[in-house]
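Peer 1: Per the UniProt record's numbering, residue 1 is the first one in the sequence shown, and the count goes up by one each step.
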Amino acid sequence: MLRGDVHCFGGDCYALAFSIPAGLMIIALIIFSAGSPLYKKIHPEGNVLVDVSKCILFAITNRWKHRNDGDLPRKHWLDWAKEKHNDYLINDVKKVLKVLLLYLPLPMFWALFDQQGSRWTLQATTMSGDFGTFVLKPDQMQTLNPLLIVVFIPIFDFGVYPLINKCGINFTPLRRMATGMFLVVIAFVLASLVQRCIDSTLPDFPKGNEMRLRFLNLNKDPMFITAPNQSTLLSGIEVSNYGTLQLQDGKAFIMRLNETANCSATVYHEKSFTLLITENLTCNQITDFSKKPKGSKAHVRIVNALPDVVTVEIGDTQWENIPSGGYKDYEAVERGIFNVNVTSQGKTKIVSTQLLDFGGAYTILAHKVGIQVDAKLFIDIPPNSVHIAWQIPQYFAITAGEMMFSITGLEFSYTQAPKSMKSVLQAGWLLTVAFGNIIMLLIAETALLAQWLEFLLCALLLFVVFIIFSIMAIFYVHVDSAENSMDKDSCNKFIDNSRDKYATVMDDHNG
1 MLRGDVHCFG GDCYALAFSI PAGLMIIALI IFSAGSPLYK KIHPEGNVLV DVSKCILFAI
61 TNRWKHRNDG DLPRKHWLDW AKEKHNDYLI NDVKKVLKVL LLYLPLPMFW ALFDQQGSRW
121 TLQATTMSGD FGTFVLKPDQ MQTLNPLLIV VFIPIFDFGV YPLINKCGIN FTPLRRMATG
181 MFLVVIAFVL ASLVQRCIDS TLPDFPKGNE MRLRFLNLNK DPMFITAPNQ STLLSGIEVS
241 NYGTLQLQDG KAFIMRLNET ANCSATVYHE KSFTLLITEN LTCNQITDFS KKPKGSKAHV
301 RIVNALPDVV TVEIGDTQWE NIPSGGYKDY EAVERGIFNV NVTSQGKTKI VSTQLLDFGG
361 AYTILAHKVG IQVDAKLFID IPPNSVHIAW QIPQYFAITA GEMMFSITGL EFSYTQAPKS
421 MKSVLQAGWL LTVAFGNIIM LLIAETALLA QWLEFLLCAL LLFVVFIIFS IMAIFYVHVD
481 SAENSMDKDS CNKFIDNSRD KYATVMDDHN G
């Protein structure tokens, strides 16, 4: 909102959009620092992550050194670290590795989840955000996720989960996480269907050796045009439909105008053009959009059919000094209803009011009707027609999936981690997010698929991961949280007492 609605330096105000969050972070840092003395700070003893790494590395190297010694096999490969590390650390590492093994499929979830801020926002830019009384910007759609989380937390905690338990279903944390994955699969199937609807509204853009061509008659009188694969009688101050040509790249072809004059145009593959036909029956070939313009703004260009040089102003955008029979290229304009101001011979006049809608491309023709200056609007590319509200179901599904996966996953990791290893599992959880972003980057750069197929591919990949994770969850043995609550001193005391009892029994036996 700050970026789009407030303008600075002649465009979107990114400086304001970034400076306000930066200022708030500075304020938060000051408040956090001021409250720091109020907390009891317990300094960590050593580096747990380093201890875990050393334990694993020593177990591997020690096992490799004794591979041919004929030693008795040990129950677990980490038991080969007993020569250097205590049983407490080894047992904790075993528990951590069991949980980290379950983390292996998780990056695929984050690869899809984080597309809310990228692919889904780009999808929203190709949709209409007009709600009548207000207009929703594409990037504002992301706020639906945190809003739904606030609503879903009490619903799930006091409604969904208790109801499932009353039905006699043992809805374990791992089952919740698997269900969350499946809900995200559904979200991306819905996103794929929405994208298909969007694609169906797009015009047939040229591909291969095709070129699209149309004619804009700047004359008041009708014009009969004979061209390859296309002949038409075009009214005055009117534009024809696009015709598709398949010719050799860079070659020129000739058209007849009213059977009295010739007009040439140059062919370029996968391009769209408009031929401006002037009063003296000459042609001016101008380039059109050959694909849907990016972003949600409207794109407008001006063609001058008046005998004088004109300047046209729409909102804050100006097209200056347009010669007779000439044009000025596309400029991005915010969506809205605007007055078209035409300045000719030093006089400015509001000649029309036009709606420039989301994602549309328009040509505005300045011309005369009788003795009055007027402006006529031609649609080059239709505006976005699929409403942004169709994204709401996929946001519902992905937010419900996040509730079941992310919140439950953090809770599961905390309860299954030994007291001294909770930071290790937290680091592992954050690594799954990082690897998820890398996976999404690889998919986006190598898939080279249509967007709806890319969404479907992502859904399929996560569904495979959902199956794998569900199978892994079946064989996971849950650890009682009370078992992990025993601290190191209690564990050592228990071991010392056991050793004393064992020594007493042996002394009595020997005596």
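Beta carbons are placed, not taken as given, at the ideal position from N, Cα and C, and that holds for glycine.
Tell whether a beta-carbon distance below 8 angstroms holds between PHE358 and PRO382.
Peer 2: Reading the sequence shown from its first residue, position 358 is the one you call residue 358. Reading the sequence shown from its first residue, position 382 is the one you call residue 382. The answer is no: Cβ separation not under 8 angstroms.
Peer 1: Please work out which residues of its chain come closer than 6 angstroms, Cβ to Cβ, to PRO105, disregarding the five sequence neighbours upstream and downstream, and give them in chain order.
Peer 2: The residue you call residue 105 lines up with position 105 of the sequence shown. VAL465, ILE468 and PHE469.
Peer 1: Please report the distance separating the alpha-carbon of THR191 from that of ASN165.
Peer 2: Stepping through the sequence shown from its first residue, residue 191 is reached at position 191. Stepping through the sequence shown from its first residue, residue 165 is reached at position 165. First, the amino acid is wrong: residue 191 is Ala here, not Thr. If I take the Cα positions, the gap works out to 31 angstroms.
Peer 1: Suppose contacts are defined by Cβ-Cβ distances below 8 angstroms. Is ILE388 in contact with GLY360 by that definition?
Peer 2: Residue 388 sits at position 388 when you count from the first residue of the sequence shown. Residue 360 sits at position 360 when you count from the first residue of the sequence shown. No. Outside cutoff.
Peer 1: DSSP state of ILE350, grouped into three classes?
Peer 2: The residue labelled residue 350 in the question sits at position 350 within the sequence shown. Three-state result, ILE350: strand.
Peer 1: What residue does the beta strand (DSSP E) around ILE337 start on, and which one ends it?
Peer 2: Along the sequence shown, one-based indexing puts residue 337 at 337. It spans 336 to 344 - the beta strand (DSSP E) in which ILE337 sits, taken as one unbroken run.
Peer 1: CB residue 517 to CB ASN217, shorter than 8 angstroms?
Peer 2: The structure shown has nothing for residue 517, since the chain only spans 1 to 511.
Peer 1: So for LYS98, helix, strand or coil by DSSP?
Peer 2: Locating residue 98 in the sequence shown gives position 98, where the first residue counts as 1. Helix at LYS98.
Peer 1: Using C-beta distances below 7 angstroms, list every residue in its chain close to residue 512, excluding the 5 sequence neighbours before and after it, in chain order.
Peer 2: Outside the displayed span of the chain (1 to 511) sits residue 512, for which this structure offers no information.
Peer 1: Grab me the residues of VAL479's own chain with a C-beta within less than 7 angstroms of its C-beta, minus the 5 sequence neighbours each way, in chain order.
Peer 2: Position 479 of the sequence shown, counted from the start, is the residue given in the question as residue 479. Excluding positions up to five away in sequence, the list reads LYS95 and GLN416.
Peer 1: Counting along the chain, where does the beta strand (DSSP E) carrying VAL369 start and finish?
Peer 2: Residue 369 sits at position 369 when you count from the first residue of the sequence shown. Run containing VAL369: 361 to 369, per the beta strand (DSSP E) assignment.
Peer 1: Quick check: what's the CA-CA separation for LYS84 versus PHE58?
Peer 2: Your numbering for residue 84 matches position 84 in the sequence shown. Your numbering for residue 58 matches position 58 in the sequence shown. If you take the alpha carbons of LYS84 and PHE58, they lie about 8 angstroms apart.
Peer 1: Would you list the residues sitting across from SER264 in a DSSP beta bridge?
Peer 2: Indexing the sequence shown from 1 puts residue 264 at position 264. SER264 pairs with ILE254.
Peer 1: Along the beta strand (DSSP E) that carries ILE314, what are the first and last residues, could you check?
Peer 2: Residue numbering aside, residue 314 sits at position 314 when the sequence shown is read from its first letter. Per DSSP, ILE314 belongs to the beta strand (DSSP E) from 310 to 314.
Peer 1: For the ligand FAD, any of its heavy atoms closer than 7 angstroms to the Cβ of MET472?
Peer 2: Among the components of this structure there are no ligands whatsoever, and the ligand FAD is therefore not found.
Peer 1: Could you check if GLN345 is buried or exposed, using at least 16 other CB atoms within 10 Å of its CB as the buried criterion?
Peer 2: Residue 345 sits at position 345 when you count from the first residue of the sequence shown. Looking at its Cβ environment, which holds fewer than 16 other Cβ atoms inside 10 Å, GLN345 is exposed.
Peer 1: Given a cut-off of 8 angstroms, decide if ILE322 and VAL333 are closer than it, judged by their beta-carbon atoms.
Peer 2: Here residue 333 refers to the residue found at position 333 when the sequence shown is read from its first residue. Here residue 322 refers to the residue found at position 322 when the sequence shown is read from its first residue. Contact: no.
Peer 1: Is GLU279 buried or exposed, if buried means 16 or more other CB atoms sit within 10 Å of its CB?
Peer 2: Taking the first residue of the sequence shown as position 1, residue 279 is located at position 279. Exposed.
Peer 1: In its own chain, which residues sit with a C-beta less than 8 angstroms from the C-beta of GLU331, not counting the 5 before and 5 after it?
Peer 2: Looking up residue 331 in the sequence shown gives position 331. Counting only Cβ-Cβ distances below 8 angstroms, and skipping sequence neighbours, we find HIS299, VAL300, ARG301, THR317 and TRP319.
Peer 1: Considering only C-alpha positions, which residue in the set LYS347, ALA450 and VAL99 is nearest to TYR476?
Peer 2: Taking the sequence shown and counting its residues from 1, one reaches residue 476 at position 476. The residue with the shortest Cα to Cα distance from TYR476 is VAL99.
Peer 1: Can you tell me where the alpha helix (DSSP H) holding CYS197 begins and where it ends?
Peer 2: On the sequence shown, residue 197 is found 197 positions in, with the first residue counted as 1. Its alpha helix (DSSP H) spans residues 173 to 200.
Peer 1: Tell me which same chain residues have a C-beta within less than 6 angstroms of the C-beta of ALA397, skipping the five on either side of it?
Peer 2: To locate residue 397, count along the sequence shown from 1; it is residue 397. Closer than 6 angstroms at the Cβ level, and outside the excluded window around ALA397, lie LEU183, ILE186 and ALA187.
Peer 1: Among ASP329, SER264 and ILE254, which one has its Cα closest to the Cα of THR287?
Peer 2: Translated into positions along the sequence shown, residue 287 becomes position 287. Taking only the C-alpha atoms, the option nearest THR287 is ASP329.
Peer 1: Would CYS368 and LEU306 be called neighbours here (beta carbons separated by less than 8 angstroms)?
Peer 2: For the purposes of this step, residue 368 is taken as the residue at position 368 of the sequence shown. For the purposes of this step, residue 306 is taken as the residue at position 306 of the sequence shown. Reading the sequence as shown, one finds Lys at residue 368 and not Cys. Cβ atoms of LYS368 and LEU306: closer than 8 angstroms.
Peer 1: Are the beta-carbon atoms belonging to ILE277 and ASN219 less than 8 angstroms from one another?
Peer 2: As a working note, residue 277 is residue 277 in the sequence shown. As a working note, residue 219 is residue 219 in the sequence shown. Yes, these two residues count as a Cβ contact at 8 angstroms.
Peer 1: Counting along the chain, where does the alpha helix (DSSP H) carrying MET472 start and finish?
Peer 2: Numbered from its first residue, the sequence shown carries residue 472 at position 472. It spans 451 to 474 - the alpha helix (DSSP H) in which MET472 sits, taken as one unbroken run.
Peer 1: Provide the residue(s) that pair with GLY243 in DSSP beta bridges, ordered along the chain.
Peer 2: Along the sequence shown, one-based indexing puts residue 243 at 243. GLY243 pairs with LEU213.
Peer 1: What number of angstroms, rounded off, separates the C-alpha of THR179 from the C-alpha of ASP92?
Peer 2: Here residue 179 is taken as the residue at index 179 of the sequence shown, counted from 1. Here residue 92 is taken as the residue at index 92 of the sequence shown, counted from 1. So the alpha carbons of these two residues sit roughly 29 angstroms apart.
Peer 1: Could you please give me the residues that DSSP links to ASP130 through a beta bridge?
Peer 2: Taking the sequence shown and counting its residues from 1, one reaches residue 130 at position 130. In DSSP, ASP130 forms a bridge with VAL135.
Peer 1: To test your reading of the DSSP string, which unbroken alpha helix (DSSP H) runs of 4 or more residues are found completely within the region 389 to 454?
Peer 2: The qualifying runs are 392 to 402, 408 to 416 and 422 to 446.
Peer 1: Can you name the start and end residues of the alpha helix (DSSP H) that LYS328 belongs to?
Peer 2: As a working mapping, residue 328 is identified with position 328 in the sequence shown. Element bounds for LYS328: not the alpha helix (DSSP H) but the beta strand (DSSP E), 327 to 333.
Peer 1: If you compare alpha carbons, which of THR446, THR126, ALA81 and MET181 is closest to CYS197?
Peer 2: On the sequence shown, residue 197 is found 197 positions in, with the first residue counted as 1. With distances taken between Cα atoms, CYS197 lies closest to THR126.
Peer 1: When the Cα of PHE435 is compared with those of ILE27, PHE32, VAL373 and TYR103, which residue comes out closest?
Peer 2: Numbered from 1 along the sequence shown, position 435 holds the residue referred to as residue 435. Taking only the C-alpha atoms, the option nearest PHE435 is TYR103.
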